[in-house]
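Peer 1: Going by the numbering used here, the sequence shown opens with residue 12, and the numbers climb by one from there. Here's a structure for you.
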Amino acid sequence: MSGKLQGNGLKCICSVYVPVRDPAKSARWWQRNFGLEFAVPFSEESDQAIMKLSEGQWLHLVQTEGQIDNQFPNKAGYEMFRLTFEVREIEVLHDHLLGNGVQIEELEDRGSCGINFVFYDPDGNKFDVNENVSMYRAPEEVEKVKNHLFAYAR
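Here it is as structure tokens:
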């Protein structure tokens with residue numbers, strides 16, 4: 012069947028590929044810090060570990076011998092991350108990662124876009140997480156989350 016493309020031909024992102032030095036070590040890190048599970052059985056001899064996000068997308072942790080460069084500078088020179096993970100209960104995740112010693116940058120309230128923070132995996136790959144708290148939570152809960160995360164002085 013041939014036909015004309017109607018509207019947006021891209022449905023979603025099903026896989027993301029991340030360069031790592033040691034897929035087994037990286038997989039354990041993602042399991043410990045985010046609760047990810049293997050999408051397919053893993054062998055220590057494999058050159059990649061495939062982890063599954065909660066909604067089914069796959070995170071491929073691909074072994075590389077080359078340069079690991081998952082960032083790029085924007086026009087202003089800020090080193091950008093390649094993707095943002097959507098999360099729920101960002102305050103719980105933030106506290107969990109801090110407790111595990113994960114390298115994270117400062118929280119940011121991006122207004123209508125939500126609350127974000129950047130974290131790094133053991134190979135230096137930079138990632139962003141976001142929760143649009145005002146979309147998924149009651150206003151009084153949003154205030155509690157912001158108080159917890161930003162320690163607003165009122």
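C-beta: ideal position from N, C-alpha, C; glycine also.
1. Can you tell me whether A164 is helix, strand or coil according to DSSP?
2. Three or more C-beta pairs under 8 Å: does that hold for the region 134–142 against the region 45–54?
3. When you compare the CB positions of V156 and V144, do they come within less than 7 Å of one another, or not?
4. So, helix, strand or coil for Y131, using DSSP?
5. Excluding five sequence neighbours on each side, which residues of the same chain lie with their C-beta closer than 7 Å to the C-beta of L108?
6. Using only alpha-carbon positions, find the residue among Y89, F96 and Y147 that is nearest to L64.
7. Smallest Cα separation from L72: which of V31, L16 and K22?
8. Classify N136 as helix, strand or coil using the three-state DSSP reduction.
9. Just how far apart, CA to CA, sit G18 and Q68?
10. Could you tell me the boundaries of the alpha helix (DSSP H) in which L108 lies?
11. Please classify V29 as buried or exposed, where buried requires at least 16 other C-beta atoms within 10 Å of its C-beta.
Peer 2: Let's see:
1. Within the sequence shown, residue 164 is the residue found at index 153, counting from 1. Legend: pLDDT at A164 = 38, less than 50; position of this residue unreliable, no value from coordinates given.
2. No: fewer than three Cβ pairs fall under 8 Å.
3. Taking the first residue of the sequence shown as 1, we reach residue 156 at position 145. Taking the first residue of the sequence shown as 1, we reach residue 144 at position 133. Inclusion of V156 and V144 in the CB contact set at 7 Å is warranted, their separation being smaller than that value.
4. Position 120 of the sequence shown, counted from the first residue, corresponds to residue 131. Three-state DSSP puts Y131 in a strand.
5. Translated into the one-based positions of the sequence shown, residue 108 becomes position 97. N44, I115 and F130, listed in sequence order.
6. On the sequence shown, position 53 is the one that residue 64 refers to. Comparing alpha carbon positions, the residue from Y89, F96 and Y147 closest to L64 is F96.
7. Locating residue 72 in the sequence shown gives position 61, counting from the first residue. Of V31, L16 and K22, the smallest CA-CA separation from L72 is found for V31.
8. To locate residue 136, count along the sequence shown from 1; it is residue 125. N136: coil per DSSP, three-state reduction.
9. Residue mapping note: residue 18 aligns to position 7 of the sequence shown, counting from 1. Residue mapping note: residue 68 aligns to position 57 of the sequence shown, counting from 1. Answer to the nearest angstrom: the Cα atoms are 23 Å apart.
10. Position 97 of the sequence shown holds residue 108. Boundaries of the alpha helix (DSSP H) harbouring L108: I101 to G110, taken from the DSSP string.
11. As a first step, residue 29 is located in the sequence shown; it is residue number 18 there, counting from the start. Buried.
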